[in-house]
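> Pasting a structure below so you can have a look.
Residue numbers (my numbering): -4 to 488.
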């Protein structure tokens, strides 16, 4: 394994793959450079003098400007580089030529639903309309799991703190996300559990759900029941009977929808795990499948790469709105647009938001953008889609599930045990994390800077995702973890 990597020919920095001690001489394209100080693993070292105000180049793009004169061989990080990003920007559509590749179909073993959708799980979901019945929902799921049979895998409750005392967009977001989850095909049956007096009560929620199969979706208002837990368990027994009639069968991966998200990024995220997910995305799309990229604030600084891959000017304009509307949201609350990266990101070697964004957007691969989705909107167009949601891990992953993702690929350099409403594959950026937290990490992309290559690992990841779609549990599922979170933007009454 080499000790450093120059990512792009135009870069004026290299990334340390192992800690480079002060005084160490490295050879970069035939030029000997002496490290002037210790360069931690995942961090950057200047390979030429960079003047005050000069561009710091990584991935072939500017990731910020020097806050001081930086000498060749010096450590580059938050102490001597700052963001070069502004506020709201105007953009020009400059389409990037993209060759659309088609490859042979592959099948996974999934569940065909009567409405034409497909699922990768056959679970029973208990979805509360309001946080007041969270504990009741959890108690119902716990008791009802004793009756699971056949192809039904688990009864799962999804508690959340909302559904009442909300206004405007917050209330709409809650109703739409709950409706999206109720309609999600990974659930073979759903019990919608209401309290009775909440703003987002069952009668209010039903128009958001739309047409539904009365055998698959049931409702219970707790205030109208003498024993809501006992009544709910009886209802779920019927849902289990219904859902157990579904069996896994071969389904084309063209029906598969995969969400893409990262969290706890480090200096290797944009070198290993994120490009690997991007290659996976391209492979799935080449077979007619769909991927969804989200966390809009972590597109800032790399947004033009996505804009210029939009399939047409209408999508370009929608992407411009996606970016600028999120910036306006920050400004509406008098917050700094570029208050990022996080402390964990910085410790891992990410210095500016551009540094983070250029790594994050590599998850999009090289395919054309075929769809742009508002928060709570479900995917309609095969191919690469962009989804409006924040960077918060639980909120963004829930948004991906609500948009229709069957599985979420989550890359991480720091590690996290969280889950989402759908199987959430944790992909480590480095082998140290994969070895230390094998109970969290499902796939190790760290081997890409060791003894493996991108083509082989892309195929391995694709095969692994097909296994997950066919029923293989990921670590968080095996641990019994199931999380969900809704985007809160406004006033609570």
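Even glycine gets a Cβ: it sits at the ideal position worked out from N, Cα and C.
List the DSSP bridge partners of residue 247.
Translated into positions along the chain shown, residue 247 becomes position 252. Note: residue 247 sits in a beta bridge opposite 102.
> If distances are taken between C-alpha atoms only, which option among 488, 471, 329, 467 comes closest to residue 117?
If you number the chain shown from 1, residue 117 lands on position 122. Of 488, 471, 329, 467, the residue nearest in Cα terms is 467.
> What do you reckon, are the CB atoms on residue 71 and residue 346 nearer than 8 Å?
Along the chain shown, one-based indexing puts residue 71 at 76. Along the chain shown, one-based indexing puts residue 346 at 351. Yes, the pair counts as a contact, with Cβ atoms nearer than the cut-off.
> Consult DSSP for residue 153 and reduce its assignment to one of helix, strand or coil.
For this step, residue 153 is matched to residue 158 along the chain shown. Coil at residue 153, not helix or strand.
> Considering only C-alpha positions, which residue in the set 95, 148, 161 is nearest to residue 120?
The count along the chain shown starts at 1 and reaches residue 120 at position 125. Residue 148 is the option with its Cα nearest to residue 120.
> If I measure Cβ to Cβ from residue 368 and keep anything under 8 Å in the same chain, skipping five residues before and after, which residues do I get?
Numbered from 1 along the chain shown, position 373 holds the residue referred to as residue 368. Closer than 8 Å at the Cβ level, and outside the excluded window around residue 368, lie 287, 374, 380, 381, 382, 383, 398.
> Quick one: Cα of residue 371 to Cα of residue 171, how far?
On the chain shown, residue 371 is found 376 positions in, with the first residue counted as 1. On the chain shown, residue 171 is found 176 positions in, with the first residue counted as 1. Rounded to the nearest angstrom, the two C-alpha atoms are 6 Å apart.
> DSSP on residue 234, reduced to helix/strand/coil?
As a first step, residue 234 must be located in the chain shown, where it is residue number 239. If DSSP states are grouped into helix, strand and coil, residue 234 belongs with the helices.
> Would you kindly work out how many angstroms separate the C-alpha atoms of residue 1 and residue 111, rounded to a whole number?
By one-based count along the chain shown, residue 1 stands at place 6. By one-based count along the chain shown, residue 111 stands at place 116. Cα to Cα, the separation comes out at about 47 Å.
> Measuring alpha carbon to alpha carbon, tell me which residue in 350, 231, 314 is nearest residue 59.
Translated into positions along the chain shown, residue 59 becomes position 64. The option with the nearest alpha carbon to residue 59 is 350.
> Can you tell me where the alpha helix (DSSP H) with residue 459 in it begins and where it stops?
Within the chain shown, the letter at position 464 stands for residue 459. Where residue 459 is concerned, the enclosing alpha helix (DSSP H) stretches over 449 to 464.
> Who are the Cβ neighbours of residue 241 in its own chain at under 7 Å, not counting the five residues just before and after it?
Start at 1 with the first residue of the chain shown, and residue 241 comes out as number 246. Around residue 241: 106, 117, 146, 183.
> Between residue 192 and residue 405, how many whole angstroms is the CB-CB distance? I'm expecting something under 8 Å.
The residue given as residue 192 occupies position 197 in the chain shown. The residue given as residue 405 occupies position 410 in the chain shown. Contact doesn't hold; Cβ gap of about 37 Å is too wide.
> Spell out the partners DSSP gives residue 120 in its beta bridges.
As a working mapping, residue 120 is identified with position 125 in the chain shown. Note: residue 120 sits in a beta bridge opposite 151, 185.
> Between which two residues does the alpha helix (DSSP H) carrying residue 299 extend?
Residue numbering aside, residue 299 sits at position 304 when the chain shown is read from its first letter. Here the alpha helix (DSSP H) through residue 299 covers 298 to 302.
> Checking 8 Å against the spacing of the C-beta atoms, do residue 216 and residue 189 come in under that value?
Within the chain shown, the letter at position 221 stands for residue 216. Within the chain shown, the letter at position 194 stands for residue 189. It is a contact, given that the beta carbons lie within the stated cut-off.
> Below 7 Å CB to CB, which residues in the same chain sit around residue 152 once its five sequence neighbours on both sides are set aside?
Counted from its first residue, the chain shown places residue 152 at position 157. Excluding sequence neighbours, residue 152 sits near 121, 132, 133, 135, 136.
> Taking contact to mean at least 3 C-beta pairs separated by less than 8 Å, is the region 94 to 104 in contact with the region 275 to 283?
The answer is yes - the region 275 to 283 touches the region 94 to 104, with three or more Cβ pairs under 8 Å.
> Decide yes or no for the touch test of the region 384 to 394 against the region 261 to 276: beta carbon pairs closer than 8 Å, at least 3 of them.
They do not touch, by the three-pair rule.
> On a Cα-Cα basis, can you pick out the residue from 320, 432, 462 that is closest to residue 412?
The residue you call residue 412 lines up with position 417 of the chain shown. Closest option to residue 412, Cα to Cα, is 432.
> Determine the extent of the beta strand (DSSP E) in which residue 6 is found, giving its start and end residues.
Here residue 6 corresponds to residue number 11 of the chain shown, with the count starting at 1. No beta strand (DSSP E) holds residue 6; DSSP gives it neither H nor E.
> Quick check for students: name the residue ranges of the alpha helix (DSSP H) that lie wholly in the region 405 to 432, counting only runs of 4 or more.
Complete alpha helix (DSSP H) runs here, min 4: 426 to 431.
> How is residue 49 classed by DSSP in three states: helix, strand or coil?
By 1-based counting over the chain shown, the position of residue 49 is 54. Three-state result, residue 49: coil.
> Using DSSP bridges, identify the partner residues of residue 343.
For the purposes of this step, residue 343 is taken as residue 348 along the chain shown, with counting starting at 1. Its beta-bridge partners do not exist; DSSP assigns none.
> Only counting the same chain, and skipping five residues up and downstream in sequence, which positions put a Cβ closer than 6 Å to that of residue 428?
Along the chain shown, read from residue 1 onward, the residue named residue 428 stands at position 433. Same-chain partners within the cutoff: 410.
> Should residue 327 be labelled buried (16 or more other beta-carbon atoms within 10 Å of its own) or exposed?
Here the question's residue 327 lines up with position 332 in the chain shown. Residue 327 comes out exposed.
> Using three-state DSSP, classify residue 503 as helix, strand or coil.
The question about residue 503 has no answer here: the residues shown for the chain are numbered -4 through 488.
> Go to residue 61, then tell me how far its beta strand (DSSP E) extends in each direction, as first and last residue.
Working through the chain shown from its first residue, we reach residue 61 at position 66. Start and end: 56 to 61.
> Would you call residue 47 buried or exposed, if buried means 16 or more other Cβ atoms sit within 10 Å of its Cβ?
Walking along the chain shown from the start, residue 47 turns up at place 52. Residue 47 should be labelled exposed.
> According to DSSP, is residue 434 part of a helix, a strand, or is it coil?
Within the chain shown, the letter at position 439 stands for residue 434. The answer is coil: DSSP assigns residue 434 none of H, G, I, E or B.
> Applying the criterion that 16 or more other CB atoms from any shown protein chain within 10 Å of the CB defines a buried residue, is residue 357 buried or exposed?
In the chain shown, the residue the question calls residue 357 occupies position 362. By the 10 Å Cβ count, residue 357 comes out buried.
> Taking residue 300 as the reference, give the member of 255, 364, 292, 261 with the closest Cα.
The residue you call residue 300 lines up with position 305 of the chain shown. The option with the nearest alpha carbon to residue 300 is 364.
> Can you check the region 342 to 390 for any alpha helix (DSSP H) of at least 4 residues that lies completely inside it and give the ranges in chain order?
DSSP runs (the alpha helix (DSSP H)) wholly in the region 342 to 390: 348 to 355.
> Would you identify the three-state DSSP class for residue -1, choosing helix, strand or coil?
For the purposes of this step, residue -1 is taken as residue 4 along the chain shown, with counting starting at 1. Reduced to three states, the DSSP call for residue -1 is strand.
> Smallest Cα separation from residue 86: which of 230, 316, -3?
Residue mapping note: residue 86 aligns to position 91 of the chain shown, counting from 1. Measuring from the Cα of residue 86, the nearest candidate turns out to be 316.
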